[in-house]
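Undergrad:
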Amino acid sequence: MSETLLITGGAGFIGSNFSEMAVSRGYRVVILDALTYAGHLQNLDSIPADKCELIRGNITDAALVTKLLAQYAPVGLLNFAAESHVDRSISGPAAFIQTNIFGTFNLVSSAYDYWQKLDADRKSKFRYLQVSTDEVYGSLGATGKFSETTPMAPNSPYSASKASADFLTRAWHHTYGLPTLTTNCSNNYGPKQYPEKLIPHMIQCALSDKPLPVYGNGGNIRDWIHVKDHSKGILLAFEKGRPGDTYCFGGRAERNNLDVVNMICRLLDQMSPRVDGRSYSTSISFVTDRLGHDLRYAIDDTKAERELGFARDYEFEAGLADTVRWYLDNEKWVSSVLADAKEEKTT
Ligand code: NAD
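Those letters in the sequence shown? Residues 0 to 346, per numbering that gives the first Met the number 0, in order.
#1: Run the proximity test for Glu304: is its beta-carbon closer than 7 Å to any non-hydrogen atom belonging to ligand 1?
#2: Apply the 10 Å Cβ neighbour rule to Met0 and answer buried if 16 or more other Cβ atoms are within range, or exposed otherwise.
#3: Just the C-alpha distance for Cys264 and Lys209, rounded to the nearest angstrom, thanks.
#4: Can you tell me the Cα-Cα spacing of Leu294 and Pro156, whole angstroms?
#5: So, Thr179 versus Trp171, is the Cβ gap smaller than 8 Å?
#6: Would you call Thr322 buried or exposed, if buried means 16 or more other Cβ atoms sit within 10 Å of its Cβ?
#7: Rounded to a whole number of angstroms, what is the C-alpha to C-alpha distance between Tyr136 and Val130?
#8: List the DSSP bridge partners of His225.
#9: Any heavy atom of ligand 1 within a distance shorter than 7 Å of the CB on Leu31?
#10: Count the other C-beta atoms from every protein chain shown that fall within 10 angstroms of the C-beta of Pro153, then say buried if there are 16 or more, exposed otherwise.
#11: Can you name, in chain order, every residue of its own chain whose Cβ lies under 7 Å from the Cβ of Leu290, other than the five neighbours on each side?
#12: Mapping the DSSP letters down to three states, classify Val22 as helix, strand or coil.
#13: Report yes if the C-beta of Val130 is less than 7 Å from at least one heavy atom of ligand 1; otherwise report no.
#14: Shortest alpha-carbon distance to Asp328 belongs to which of Met270, Ile58, Ile100, Gly9?
#15: Along the beta strand (DSSP E) that carries Gly218, what are the first and last residues, could you check?
#16: In whole angstroms, what separates the C-alpha of Ser123 from that of Ser45?
#17: Indicate, with yes or no, if ligand 1 has a heavy atom lying under 7 Å from the CB of Leu34.
#18: Please state the DSSP three-state secondary structure of Ile6.
#19: Can you tell me whether Gln115 is buried or exposed, with buried defined as 16 or more other CB within 10 angstroms of its CB?
#20: Give me the DSSP bridge partner(s) of Gly75.
#21: List the endpoints of the continuous alpha helix (DSSP H) containing Arg169.
#22: Tell me the DSSP secondary structure of Leu106 in three-state form.
#23: Among Phe309, Asn216, Lys302, which has the Cα closest to the Cα of Ser284?
#24: Quick check: what's the CA-CA separation for Gln70 versus Thr148?
#25: Are the beta-carbon atoms belonging to Asp382 and Cys184 less than 8 Å from one another?
#26: For the alpha helix (DSSP H) that Tyr279 lies in, which residues bound it at each end?
#27: Measuring from the CB of Gly8, is there a heavy atom of ligand 1 at a distance below 7 Å?
#28: Would you say the region 223-237 touches the region 0-19, given that touching needs at least three Cβ pairs under 8 Å?
#29: In terms of DSSP beta bridges, what is Pro212 paired with?
#30: Beta carbon of Leu76, beta carbon of Tyr26: below 8 Å?
#31: Start and end of the alpha helix (DSSP H) containing Val85?
#32: Beta strand (DSSP E) containing Arg55: first to last residue?
#33: I believe Gly232 touches Ala297 by the beta-carbon criterion, under 8 Å. Please report the beta-carbon distance rounded to the nearest angstrom.
#34: Output needed for Val333: all residues of its chain with C-beta closer than 7 Å, excluding positions within five of it in sequence on either side, in chain order.
#35: Grouping DSSP H, G and I as helix and E and B as strand, with all else coil, what is Arg251?
#36: From Thr65 to Tyr111, what does the alpha carbon distance come to, in whole angstroms?
This is the structure we're talking about:
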């Protein structure tokens, strides 16, 4: 019989891509998701219904999480649920504190109560995995990379809330012995990313004939990893990682924002040329920089390569071309998730 994973935030971008992969590797997934503006049932359409159950609910609801753990007896609880957009954390930090900090506190506490009562065999197999970000490490200058030993120095309300969650996860291992894992990953791209993040936002603006808003001078650098490579890393950490440990994952693909936007424009010029022949890059418009904008992120993930056998399948240029193609082929998905979010605002 397949083992069950309880996956929080599984209707979002990374959680749904991960759930699809986990099911293809033989797991059954139970998803707990509040279906905020970023979570969508459509994201689970590709997963066979008999292998995936969605429960709409909040990770801050202790009674619900306790009930789900008892009912489904999962071999793991993997927390993807979060408020995840830095800009939203600047204009409205409260939801980030609630979900990312209180939510994680509730999950590690409930997981500990559940784990403690398991028999010895189940107890040795169970893992709590906290999905986190490289943004907890702050900002790099022109050189160097983040790794598992980099001190945390979060700069935005988003990264501060994620760092707090990482510390809670660490404390529940150190103090109570809960077998935890934490993964810190660089910027993800790929199918089903809500069109507020750089890559899908730019594709969406270009196709709707709007200006392409680039922060500052476009010089901020991110290390882009395909969501399927990240998902593969999380599964490896879950199955092979040492309890209590942290694993970093990156894409070995540092690019500045302006270069990424220009690449998207060139791909769209080829795949969906404008009728008047003008390049999409003529719509690039530089806008006032994000407050406290981190300059550069980059990850050294040699620990994951060495200890987990992690290797990337996607090279950035090809992965980006596939992603642009996916958004062109899935305009219906884009309009339906944007309509969902609008409905959430007005209800
Ligand atoms: P996302 O915003 O696409 O999805 C978040 C999901 O969590 C949504 O389905 C939403 O409905 C759900 N959710 C939010 N609040 C909830 C709550 N209180 N209770 C239950 N469900 C709730 O985010 P994502 O990009 O898929 O990121 C997933 C995780 O990976 C996050 O923890 C994020 O910090 C981390 N991460 C993201 C990136 C990236 O580039 N996107 C990089 C590294 C790490």
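Glycine is no exception: its CB is placed at the ideal position from the N, C-alpha and C atoms.
TA: By the coordinates alone:
#1: no
#2: exposed
#3: 13 Å
#4: Distance between the alpha carbons of Leu294 and Pro156 is about 16 Å.
#5: yes
#6: buried
#7: For Tyr136 and Val130, the gap between their C-alpha atoms comes out near 15 Å.
#8: Tyr188
#9: yes
#10: buried
#11: Ile89
#12: Helix at Val22.
#13: Answer for Val130: yes, Cβ within range of ligand 1.
#14: Met270
#15: Premise fails: Gly218 is in no beta strand (DSSP E) and is neither H nor E.
#16: If you take the alpha carbons of Ser123 and Ser45, they lie about 32 Å apart.
#17: yes
#18: strand
#19: exposed
#20: Leu4, Arg126
#21: For Arg169, the enclosing alpha helix (DSSP H) starts and ends at 156-175.
#22: helix
#23: Asn216
#24: So the alpha carbons of these two residues sit roughly 38 Å apart.
#25: This structure cannot settle anything about residue 382, because the visible part of the chain is limited to 0 through 346.
#26: Run containing Tyr279: none; DSSP gives neither H nor E here.
#27: Distances between the C-beta of Gly8 and the heavy atoms of ligand 1 include at least one below 7 Å.
#28: Judged by pairs of C-beta atoms under 8 Å, the region 223-237 touches the region 0-19, as three or more such pairs exist.
#29: Ser284
#30: The answer is no: Cβ separation not under 8 Å.
#31: Where Val85 is concerned, the enclosing alpha helix (DSSP H) stretches over 85-90.
#32: Segment 51-55, the beta strand (DSSP E) holding Arg55.
#33: Gly232 to Ala297, Cβ: 16 Å. No contact.
#34: Pro194, Gln203, Tyr326
#35: Arg251 carries a coil assignment under DSSP once its states are collapsed to helix, strand and coil.
#36: Spanning the two alpha carbons is a distance of roughly 10 Å.
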